[in-house]
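So in full-length UniProt numbering, spot 319 of the sequence shown is number 319, and the numbers just go up one at a time.
Here's the structure we're looking at; comments come further down.
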Amino acid sequence: MAKTLVIVESPAKAKTIEKFLGKSHYTVKASVGHVRDLPKSKLGVDIENNFEPQYINIRGKGDLIKELKKEAKKSKKVYLATDPDREGEAISWHLAYILGLDQNDECRIEFNEITKDAIKKAIKSPRSIDINLVDAQQARRVLDRLLGYQISPILWQKIRKGLSAGRVQSVTTKLICDREKEIEAFIPDEYWTIDVDAKTSNNEDINLKFYGKHKEKIELPNEEIVKSILDDIKDKDIIVNSIEARTRKKSAPKPFTTSMLQQEAANRLSFTTKKTMSIAQELYEGIDIENEGTVGLISYIRTDSKRISEEAKEKSKEYILEALGEGYYKPDFDKGKEKGSKKVQDAHEAIRPTSVSRTPESIKSSLTKDQFKLYNLIWRRFIASQMQDSVFDILNVECKIEDYILKATGSKMKFDGYTKIYNFTEREDKILPPINEGDTFTVKDILPLQHFTQPPARYTEASLVKTLEELGIGRPSTYAPTITTILNREYVEKQGSSLHPTELGKIVTDILETNFQKFIDVDFTATMESQLDEVEEGNVAWKEVVAKSYEPLKEAIEIAKENIEKINMDEETDEICENCGEHMVIKHGRFGKFMACKNYPECKTTKPIINKIGVKCPKCNEGDIILRKSKKGKAFYGCSNYPECDFLSWNKPTGDICDKCESYMVEKITKSETKVVCSNKECKNEIVKENSEN
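This is the structure we're talking about:
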């Protein structure tokens, strides 16, 4: 008896879905992503023929394509079950072409989560391929190819091989470079604050902040103004002018969109965007849960939507009422309406658990440490989104000393609400002592403090994703690969959690700004996303969008080829060539940086770069500690005498010895501080230093 063939993208997903459908009636195969694409070896777009893409079968997928064709031929029906987005729709379209399927037939199925009910429901509701979604993906792909394959070779000729330009990656690099320029140009402004420690009439301590004069706020730009105020209030008592008691509510956060998940995972779990999406993909495609089998734990992970299905809401309601009580459930949740979103990607739901009954703790033993962390974040965020606001009692006290105003604010949590489930900080109530209007306080101490404004902070992955989303650059699915690309191209480097432009990144950005200003303009890139949305809606033909964007690019490319001068990126070092006595320079090759003689090609001496940190090896006391990189690109520290000495440390040795146990000390950098800690885990000795990082 002939079976029905279902084609998905990944083998992991295929395994999960085949278990739900059963092998007796269904065969589930994986395309392993795209099967057709533009060729890597050439432009692959016929510009003269109205930008017709020249697709080919992807090299190395011949055997897979043969297998899919064979299975399709003997199957009574073929369903294409790729991801429910533009990219997934395009993969289904290419599969239909290769397998000889009619795209107008009902051969496409989609689902938002990989659960038995969702898969079986999808099988009952097939549809034809949405050509508008396909065309939106084609427009993006062709535009990116036209920009990348025509601008990148100019960078190879003028700077060095291996560089690339792209519609989204170049704008992202520009944002990081522009922020660095802001920091370099920043001139700090002086300002002051005045804190007053006082005693109430009941002899209790209270801290007050200087506000202004005669109800008007006063800025304190210099010491002279501060001194005049201090002279006016010296030896004067404070009188309580007014007391305002009010209640403040803090609403529960909405469930995760892709970008918010990336931001929260970076801020709460210190995950990179790449790591977040990789683990989320695992949770979506299916995890083998003890006593249950393989099942998808979360809904589709690429979404701009905050919408939640009525069924999911009902299940969360049942959980909250049973586990927490009626007071914690918020029945008037926004009912799926969304505000402020330019585009709800593919009308998906928000990212949520496929079953609220699978609490993080109940399935912890089936998850890796990182899978548990991310699932816990997603599960808690979703439950919290359906819960009541947290409520605080706020007490605002306004005091007078002469004609000047001082203020104090107290707060106390009245009802924890959603924070019972979704809370990552230890909050302490700030309780003010009993106070009445007209009370007199005695000044105990006046503390004038000088401050200086700080430059804008460098981007972290979380803040960069937030900015890209706010500016309308790219889509949620592009953020992680974009950041990975600019790091791999060495346009940007991470120092701690912050993103710094490299000299190469600055040079490439300057060239692109000078010669291709329109194409790395934030507004142009955001407008392009809107035009792609119009294609998806069927309001404009995709080739019209491409033609309109390409016309100015064509002229800019010809001018750039003539105008851009070749840039020598070689960095001269103090190292002397042992063969000819000339200085060695740092060059860039296929496998990274290396040193070569400046006198090349007459002298062909080369040697690897050794990054010494100026510290002797604490194990052998002879070799130098050098900075190395693992296969995954993570920095670590080892001895230059390897393999004779096998010293290794993930943290940077400082050269100091612990004064408690005599082990070597290492440097540990966090978001808020830099610590010098003992390498001996049993010794808790540490020194905290201020972070100067912005």
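No residue lacks a Cβ here, since even glycine has one placed at the ideal position from N, Cα and C.
What number of angstroms, rounded off, separates the C-alpha of Lys420 from the C-alpha of Ser385? Each residue's CA atom was taken as its position, placing Lys420 and Ser385 some 12 Å apart.
Which residues share a DSSP beta bridge with Gly212? Lys217, Ile405
Note down the Cα distance separating Ile609 from Ala556, rounded to an integer number of angstroms. Taken atom to atom, the span from the alpha-carbon of Ile609 to that of Ala556 is near 38 Å.
Less than 8 Å between the CB atoms is what I'm expecting for Ile446 and Val196, so what's the real figure, rounded? 5 Å
Is Ala480 near Lys215, with beta carbons less than 8 Å apart? no
Measuring straight from C-alpha to C-alpha, what distance separates Ile98 and Met277? 30 Å
Short check: CB of Ser390 to CB of Tyr418, under 8 Å? yes
Looking at the secondary structure, which residues open and close the alpha helix (DSSP H) in which Lys634 lies? It is not in any alpha helix (DSSP H) - Lys634 carries neither H nor E in the DSSP assignment.
For a minimum of 3 consecutive residues, which ranges assigned as the beta strand (DSSP E) are wholly contained in the stretch 490-530? Counting only unbroken stretches of 3 or more residues, the beta strand (DSSP E) elements lying wholly within the stretch 490-530 are 492-495, 498-501, in sequence order.
Return the chain-ordered list of same chain residues with a C-beta closer than 7 Å to the C-beta of Ile586, the five sequence neighbours on each side being excluded. Asp570, Glu571, Thr573, Lys593, Met595, Ile609
Ile435 and Lys412: beta carbons closer than 8 Å? It is not a contact, given that the beta carbons lie outside the stated cut-off.
Using a 10 Å radius around the Cβ and a threshold of 16 neighbouring Cβ atoms, would you call Glu426 buried or exposed? exposed
For the putative contact between Tyr79 and Thr4, defined by C-beta atoms under 8 Å, what is the C-beta separation to the nearest angstrom? Approximately 7 Å separates the beta-carbon atoms of Tyr79 and Thr4; this is inside 8 Å, confirming the contact.
Given this structure, state the Cα-to-Cα distance separating Gly22 from Leu261, to the nearest angstrom. Cα-Cα distance, rounded: 33 Å.
Continuous beta strand (DSSP E) assignments of at least 3 residues falling wholly in the stretch 361-441: If only uninterrupted beta strand (DSSP E) runs of at least 3 residues are considered, those enclosed by the stretch 361-441 are 390-401, 404-415.
Can you tell me whether DSSP reads Gly60 as helix, strand or coil? coil
Would you kindly work out how many angstroms separate the C-alpha atoms of Lys668 and Asn267, rounded to a whole number? 18 Å
Using the three-state DSSP reduction, which class does Val545 fall into: helix, strand or coil? helix
How close, in whole Å, do the beta carbons of Val35 and Val8 come, if the pair is a contact with beta carbons under 8 Å? Not quite, the Cβ-Cβ distance comes to about 13 Å (not below 8 Å), so this is no contact.
Run through DSSP, which three-state label would residue 702 get? Beyond the ends of the chain as shown, which are 1 and 694, falls residue 702; an answer cannot be given.
Please go through the same chain and pick out, in chain order, the residues whose beta-carbon is closer than 6 Å to the beta-carbon of Lys236, but skip the five residues on each side of it. Ile401, Glu402
Does the contact criterion of 3 or more C-beta pairs under 8 Å hold for the stretch 287-296 versus the stretch 102-119? yes
Reducing DSSP to helix, strand and coil, say where Lys466 ends up. helix
Looking at the structure shown, is Asp231 part of a helix, part of a strand, or coil, going by DSSP? helix
From the DSSP output, in three-state form, read off Ile308 for me. coil
Measuring CA to CA, which of Glu558, Pro253, Leu147 is closest to Thr525? Leu147
Rounded to the nearest angstrom, what separates Ala2 and Asp85 at their Cα positions? 30 Å
Does the stretch 483-502 touch the stretch 138-147, meaning 3 or more C-beta pairs lie closer than 8 Å? no
Would you kindly work out how many angstroms separate the C-alpha atoms of Asn660 and Glu361, rounded to a whole number? The question names Asn, but residue 660 in the sequence shown is Lys. Pairing Lys660 with Glu361, the inter-Cα distance amounts to about 39 Å.
Would you mind stating whether Ile238 and Val443 have Cβ atoms separated by less than 8 Å? yes
Do the stretch 168-179 and the stretch 517-537 touch if we need at least three Cβ pairs shorter than 8 Å? yes
So Leu208 packs on Lys407, CB below 8 Å; how close in whole Å? About 7 Å separates the beta carbons of Leu208 and Lys407, which is inside the 8 Å limit, making them a contact pair.
Per the contact definition of three or more C-beta pairs closer than 8 Å, is the stretch 524-538 in contact with the stretch 470-477? yes
Starting from Asp574, trace the beta strand (DSSP E) in both directions and tell me its first and last residue. 571-576
Whose CA, out of Asn104, Glu437, Thr453, lies closest to the CA of Asn222? Here the closest residue by C-alpha is Thr453.
First and last residue of the alpha helix (DSSP H) that includes Leu143? 131-158
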